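Below is one structure; the comments refer to it alone.
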Amino acid sequence: MADSKLCLMAIFAHPDDEAFGPAGTIAKYTRLGIKVALLTATRGEAGMTGGLPINGPAELGKVREKELQCSCRALGIDPCRILSYPDGGVARADATELEGQMVAFIREQQPQVIVTFGPDGISRHPDHMAVSRLATAAFNSAGDAARFPEHLQQGLSPHRPSKLYYVALPRSLVERFGMELASTPDDSISAVIDISAQIETKVAALKCHRTQAADYNSFLEMGLEQHHMNKEYYVLHRSTLSRPRGVEDDLFAGLR
-2 MADSKLCLMA
8 IFAHPDDEAF
18 GPAGTIAKYT
28 RLGIKVALLT
38 ATRGEAGMTG
48 GLPINGPAEL
58 GKVREKELQC
68 SCRALGIDPC
78 RILSYPDGGV
88 ARADATELEG
98 QMVAFIREQQ
108 PQVIVTFGPD
118 GISRHPDHMA
128 VSRLATAAFN
138 SAGDAARFPE
148 HLQQGLSPHR
158 PSKLYYVALP
168 RSLVERFGME
178 LASTPDDSIS
188 AVIDISAQIE
198 TKVAALKCHR
208 TQAADYNSFL
218 EMGLEQHHMN
228 KEYYVLHRST
238 LSRPRGVEDD
248 LFAGLR
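Under my numbering, read the sequence shown as residues -2 to 253, first letter to last.
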């Protein structure tokens, strides 16, 4: 299968999740000509302002949308779609409605691989955990014609993605840097992507999120720019392919 026929989809909760999470992986694949589509559930209007003179949540949401667009340009993501659910309220949203919107995006973009949060959401943010649950459901529903049949009237046919990965942090890394984040046992990591050639691009994406400067400065201080964090980690949660032997170094392993 030609790389131009491949598609990776990322499903996250807030602007900046793509940068703090799989940015290096995304940049690696877009450079190879693989399409990357991003779905973000909220505009992040409940986040930090980075000391900028921002007048309330509505204005912050608009600023963070522009920051996300900047990050997507840096990483080569296209398309980037925001669903505009309330920041901090994803878990209280109509689950069927939100799953349906995720399924519609999957059917529209037809990715082979989807990446999202694991059940712990890395930071344990309720929005992250809700997105994990609903993106997992959408992965399972997208290929089932009986789920959301109204999509057929919109010209969207069922599509079954091949692989669903959860973004993860190995326990040894979390302990090394003293991070207050959820971790995954090292021997449960399914894929390790070398992003050493994409460090500068990942940093550029992070710096697009000016309002989140405190977070990204802390992240950079942990060693990203010094190449101490030159890998991104994943757990393969679902696959229609044969389970790989050992740890993968390519999320599209078995698909090209």
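Backbone N, C-alpha and C fix where the C-beta goes; we use that ideal spot for every residue, glycine too. Because the structure is a prediction, the values reported are computed rather than measured.
Whole-Å CB distance - residue i paired with residue j, under 8 Å assumed
| i | j | result |
| --- | --- | --- |
| Asp184 | Asn227 | So it is not a contact: roughly 21 Å between Cβ atoms. |
| Arg78 | Pro12 | Incorrect: roughly 12 Å between the Cβ atoms, too far for contact. |
| Ala127 | Ala88 | 4 Å |
| Leu252 | Leu29 | Contact flag wrong, Cβ pair sits at about 13 Å. |
| Leu36 | Leu95 | No, Leu36 and Leu95 are not in contact; Cβ-Cβ is about 10 Å, not under 8 Å. |
| Ser138 | Val100 | 5 Å |
| Leu153 | Leu166 | 34 Å between Cβ atoms; not a contact. |
| Leu170 | Val200 | Leu170 to Val200, Cβ: 18 Å. No contact. |
| Gly47 | Ala210 | 4 Å |
Residue-level contact to chain C via CB, residue i, 8 Å cutoff
| i | result |
| --- | --- |
| Gly41 | Absent from the structure is chain C; it holds one protein chain and no more. |
Separation of residue j from residue i, as counted between CA atoms
| i | j | result |
| --- | --- | --- |
| Ala250 | Cys67 | 30 Å |
| Pro116 | Pro123 | 10 Å |
| Gln151 | Met6 | 20 Å |
| Ser236 | Ser159 | 5 Å |
| Val112 | Gly41 | 20 Å |
| Thr181 | Ala71 | 29 Å |
| Pro54 | Asp0 | 40 Å |
| Gly97 | Met219 | 38 Å |
| Phe114 | Leu57 | 24 Å |
| Leu149 | Ala43 | 36 Å |
| Ile31 | Glu15 | 16 Å |
| Glu105 | Gly140 | 12 Å |
| Gly85 | Ala10 | 9 Å |
| Ser187 | Gly243 | 8 Å |
| Ala129 | Gly21 | According to the sequence displayed, residue 129 carries Ser and not Ala. Each residue's Cα considered, the two are about 20 Å apart. |
| Arg240 | Pro146 | 31 Å |
| Gly175 | Ile8 | 27 Å |
| Tyr163 | Asn52 | 35 Å |
| Ala38 | Tyr82 | 6 Å |
| Asp91 | Arg173 | 39 Å |
| Thr208 | Leu65 | 11 Å |
| Lys204 | Ala143 | 43 Å |
| Asp246 | Pro50 | 43 Å |
Residue i, DSSP secondary structure in three states
| i | result |
| --- | --- |
| Ser236 | strand |
| Ile23 | helix |
| Leu217 | helix |
| Leu248 | coil |
| Leu3 | coil |
| Ala43 | coil |
| Ala211 | helix |
| Ala10 | coil |
| Leu203 | helix |
| Leu65 | helix |
| Glu15 | helix |
| Leu153 | coil |
| Leu72 | helix |
| Leu29 | coil |
| Leu57 | helix |
| Leu35 | strand |
| Leu161 | strand |
- Fully enclosed by the segment 79 to 149, which alpha helix (DSSP H) runs are 4 residues long or longer? The qualifying runs are 92 to 106, 123 to 138.
- Enumerated in chain order, which unbroken segments of the alpha helix (DSSP H) with a length of 4 residues or greater are wholly contained in the segment 168 to 197? Listed in chain order, the complete alpha helix (DSSP H) runs (minimum 4 residues) inside the segment 168 to 197 are 168 to 174.
- Message: Quick test of the definition: if touching needs 3 or more C-beta pairs under 8 Å, does the segment 17 to 34 touch the segment 188 to 207?
- Response: Taking 8 Å as the limit for Cβ pairs, the verdict is that the segment 188 to 207 does touch the segment 17 to 34.
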